[in-house]
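Contents: one structure, followed by commentary.
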Amino acid sequence: MSPWISSASIDTVLQLNRLSTLGLALPVPRRDLARAKLCAKLSLRYMPSCRCARAKSPLCSRQGEHLARARAHLGSFFFVPLWIDLGISESRSRVLRFVDSFVRNSCQKLDRFALIEDVGDCKAKDDWAVAAAVSTWFLWVERFRGSCERVRDALNSALDEEMSADPKVFLMGEEVGEYQGAYKVSKGLLDKYGPDRVRDTPITEAGFTGIGVGAAYYGLRPVVEFMTFNFSMQAIDHIINSAAKSNYMSGGQMSVPIVFRGPNGAAAGVGAQHSQCYAAWYSSCPGLKVLSPYSSEDARGLLKAAIRDPDPVVFLENELLYGESFPVSAEALDSSFCLPIGKAKIEREGKDVTIVAYSRAVGHSLKAADILSKEGISAEVINLRSIRPLDRSTINASVRKTNRLVTVEEGFPQHGVGAEICATVVEESFGYLDAPVERIAGADVPMPYAPNLERMAVPQVEDIVRAAKRACYRSVPMSVTA
Amino acid sequence: MGVWFFARSSNIARQLKGQVGQGLLGIWRFGFSFGEIRPTHYSDLGDSGTLFSIRRFESAKAQKRIDDEEDRVLDFPGGRVTCNSQMAFIPESPEKQTLQCYRVLDDNGQTIVGSKFKEINEEVAIKMYSDMVTLQTMDTIFYEAQRQGRISFYLTSMGEEVISIASAAALSMDDVIFPQYREPGVLLWRGFTLQEFTNQLFGNKYDYGKGRQMPIHYGSNKLNYVTISSTIATQIPHAVGAAYAMKMDKKNACAVTYFGDGSTSEGDFHAALNFAAVMEAPVIFICRNNGWAISTPTSEQFRSDGIAVRGQAYGMRSIRVDGNDALAIYSAVHAAREMAINEHRPILIETLTYRVGHHSTSDDSTKYRPVDEIDHWRKARDPVTRFRKWVEKNGWWNDEDESALRNDVRKKVLNAIQVAEKVEKPPLAELFTDVYDHPPSNLCEQERLLRETVKRHPQDYPVDVPV
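Chains as they are written, first to last, in UniProt numbering: chain A, 1 to 482; chain B, 1 to 467.
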């Protein structure tokens, strides 16, 4: 959590019943600036009391401070202050409900939202002004609905939109229909598309995976859900020997447009057979594309790309990210939105050390970068997004700039994704390295169940911080190393 | 997967709270009717579809009614069943006799009196027979070509020619074939030319697989014949998936898959049959039970009464057919197709036959089975000869036609080999295409580097790879 969202501010918002005015600063991408300013103007015009409150409020200076810090943190965002008067009971409860879920679902997890409390004492001048303000607010809510979108909902909307756009797309797996998905990713889809296109299957991974591949041979675009990728081991023959190789072996006669998706990697407290990362496994096989989203925008854009792709795609989600919320731009909410496969994203620019990660490790790396920045180390964080094809050029360009590399993954170290990244950097940018590459991976043991041991087996933020400091030849205190 | 429930209860329940509660309720709702026992006589049950489960359990003959008290229906979530106070296990095999085999032609090519079969006209019969002869000739010559080292591998259909050809004749071109590797007869029937076969075997640039698959792994999009997979039994669930796709598209066609007795031991076979039944997919499973999975006899492969009996266990119709009787196969497949498409249901056909040839050119079957046995099947039980007798008896074929056909086919096969051998091998570019729909940057780079290297050091590279 970034420093400018204090827990105090969230507590204050949660106690909104006692407030009459709420002030929010919404981050707006530059391209939406004009519209955002207009909305802000409207809201201020229709809420003279708020303007008044703003001027009078004793907290104004603190608010300005918050905004300044937020701007410094998110250079490319412009902050529009938005004020809502909570004077009318009905709209008040709606706003409260929204703010409550907004705070619960997103702000605690977000570092891209500035939330600034203000206890104004103003009252609404007239109902009309309040109604206008609330509608302006909801316009924003609507516009930013996605910005507090959970990864689960992002996946759901991507599936929904692709199923609606192409009748050949169908979802198949254990518990995807009546139960709405083991992790509720397919929520509502059975009702919308019926049992032919949201297909509950018997509990046979080899069966429904093979059937999905057969359906893809015949022109459908199946999305096969594994309850976890650990269970895909029972069906790996169909993924590797059938899906990945058929197009090549048939001389291009048989394309296999199929997506294998489901949670991958470590969750929490589910032991060895539910906690393995298969990124390295599947990414070692030509013919497959392997994607691993981190944020909601990744999840939406990459899943849509995967479904539209003519090749078989292994789509590795993460159970612990399903419930996390991330801001999603208006562009990403558009049904035509799609991310390129094979292109990494620089989540945070830096100049001293490159941290390459995927899936949940990206979040850890961003947190590590925050900590490092306090110590004067500017870390560049690369979110791979695509494990195969691997965006070697982005990685190498970054290493050539920072001259230091830390790789982070939750999978096992040997022949892992980090190993491949090391290899490409050694092959292409060896002369640029100023320090040995630091490779952070899960412990080389099956995942233990006991929480204390489990924590030791999965990379943590402090591991990344420590490795980055080592790469920068900073001293690492013993207490941290221990 | 047994573990799925664990995952659900430990993680999801925590995350999803109320929704999970509802879901679980839905699942357990069945349980509430557990104790309900309604005394019902068999005669009261009528003939409605809901009785399916009762019939299923009734198959155990050991369940005898002792008195009225026991003649009750128990309503379990797993099925409505009658109960019996006598403990009785279902026997491991039928008590009296094994499942009967459908047969129309006797060993002399005469139709058995009273037999029911689908009529075949002269044109179809002659094409069927010509294709059988072509397949035999191909097998003989290509097998020799492998022995001479001209191709790396071959696998014959000897003894099983009529299964693929007669079944193909009963299907339509829209039906999609998911073959194993002993069904080139289907391709022949559908019009794959000798030159096309030979191009594949020699892996030249005209091979539709671009020289990427080992010999006999034919495939043709045009003829709805899915490229053969070396891994055993994977095609069976694929066929179910394609059948499901056809059902969704409301196509007037079905998927047909072929496999051997050995394949039925693979998990894929069981998964596919169960899925096909549950998904009500229009698919025909054709098992060639030829007695041998390479060197493993059926007695060491399974203990059931062959394959057909398993269909019932999965809730699908099945039939056992004499695999050396072209008319019986044609009729059974024809009827199966009608049922599969019109009633949206899978059908299992077990054809009993004998693999006269070795498993492949990598095998010498005389090491594990008597030569006499092979000779007996080759000479006395040959399915092609049997069909020829029937065609001749109809006055549609004679010795003259026979020798003309065999000479003609032989010349064509030899000619095809000569042509295929002279055709260039696939160009270097084909090493990299089709891994993906569009080549990714790493493959483009590899190709560029390889081309540069070949150009720089031409003397170190073979001349038969066009750059």
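Just so you know, even glycine gets a beta-carbon here, dropped at the ideal spot from N, CA and C.
Computed from a predicted model, the values in this text were never measured in an experiment.
At least one C-beta of chain B is nearer than 8 Å to the C-beta of Q253/A. Counting only Cβ-Cβ distances below 9 Å, F275/B has contacts in chain A at T201, P202, T204, G207, F208, G210, I211, in chain order. Using a CB distance cut-off of 8 Å, A279/A does not count as an interface residue toward chain B. By the CB criterion at 8 Å, A267/A and L320/A fall inside the cutoff.
Contact holds between the segment 310-329 of chain B and the segment 150-168 of chain B, because three or more Cβ pairs, one in each stretch, are under 8 Å apart. By the criterion of a C-beta distance shorter than 7 Å, I177/B is surrounded in its chain by V186, N224, Y225, V226, V256, once the five residues flanking it on both sides are discounted.
Cα atoms of K411/B and T193/B: separation of roughly 14 Å, rounded to the nearest angstrom. Proximity to A441/A across D434/A, G431/A, I464/A peaks at I464/A, based on C-alpha coordinates.
By the Cβ-count criterion, N398/B is exposed, with fewer than 16 other Cβ atoms from all chains shown falling within 10 Å of its own Cβ.
A contact is defined here as three or more CB-CB pairs under 8 Å, and the segment 427-446 of chain A meets this definition with respect to the segment 455-471 of chain A.
Three or more Cβ pairs drawn from the segment 292-304 of chain B and the segment 251-271 of chain B lie within less than 8 Å of each other, which places the two stretches in contact. Residue-level contact check: G219/A touches chain B, since one or more beta carbons of chain B fall below 8 Å from its beta carbon. Contact between C285/A and I240/A is confirmed by a C-beta separation of about 5 Å, below the 8 Å threshold. If you keep only unbroken beta strand (DSSP E) runs of at least 3 residues inside the segment 292-346 of chain B, you get 317-322. When Cβ-Cβ separations below 8 Å define contact, P346/B makes no contact with chain A.
Not one beta carbon of chain B lies nearer than 8 Å to the beta carbon of G262/A. In the DSSP assignment, V290/A falls within the unbroken beta strand (DSSP E) covering 289-291. Within the same chain, and ignoring the five residues on either side of K389/B in sequence, the residues whose Cβ sits closer than 7 Å to its Cβ are N108, G109. One Cα belongs to D249/B, the other to S186/A, and the distance between them is close to 23 Å. C-alpha of A281/B to C-alpha of P446/A: approximately 40 Å in a straight line. Assigned with DSSP and collapsed to three states, G173/A falls in strand.
Counting only runs of at least 4 residues, the segment 362-393 of chain B fully encloses the following alpha helix (DSSP H) elements, listed from N- to C-terminal order: 371-379, 383-393.
An exposed status is given to N252/B, since fewer than 16 other beta-carbon atoms sit within 10 Å of its beta-carbon. Minimum Cα-Cα distance from H358/B among the listed residues N324/B, S115/B, R103/B, N290/B corresponds to N290/B.
Around the beta carbon of M456/A, a 10 Å sphere encloses fewer than 16 other beta carbons of the protein chains shown; the residue is thus reported as exposed.
Taking a C-beta distance under 8 Å as the contact criterion, P237/B and G219/A do not qualify as a contact pair. For P293/A, none of the residues of chain B pass the 8 Å Cβ criterion, the least Cβ distance being about 18 Å.
Going by DSSP, K187/A is part of no beta strand (DSSP E) at all; its letter is neither H nor E.
Using a Cβ-Cβ cut-off of 8 Å, Y314/B does not count as an interface residue toward chain A, since no Cβ of chain A sits closer than that to its own.
For the options G416/A, K343/A, K469/A, the alpha carbon positioned closest to that of L405/A is the one of K469/A. Within 9 Å of the CB of G291/B, no CB atom of chain A is found; the nearest one sits about 26 Å away.
One finds nothing in chain A with a Cβ atom closer than 8 Å to the Cβ of N324/B; even the nearest lies about 30 Å away. Taken in chain order, the members of the segment 440-464 of chain B whose beta-carbon sits within less than 9 Å of a beta-carbon on chain A are P440, S441, N442, L443.
Taking 7 Å as the cut-off between beta carbons, the residues of the segment 304-329 of chain A near chain B are P310, D311, E319, G323, in sequence order. Nothing from the segment 347-378 of chain A brings a Cβ to less than 8 Å from some Cβ of chain B. Within 7 Å of the CB of T227/B, the CB atoms of chain A belong to S246, M249, S250, Q253, M254, in sequence order along the chain.
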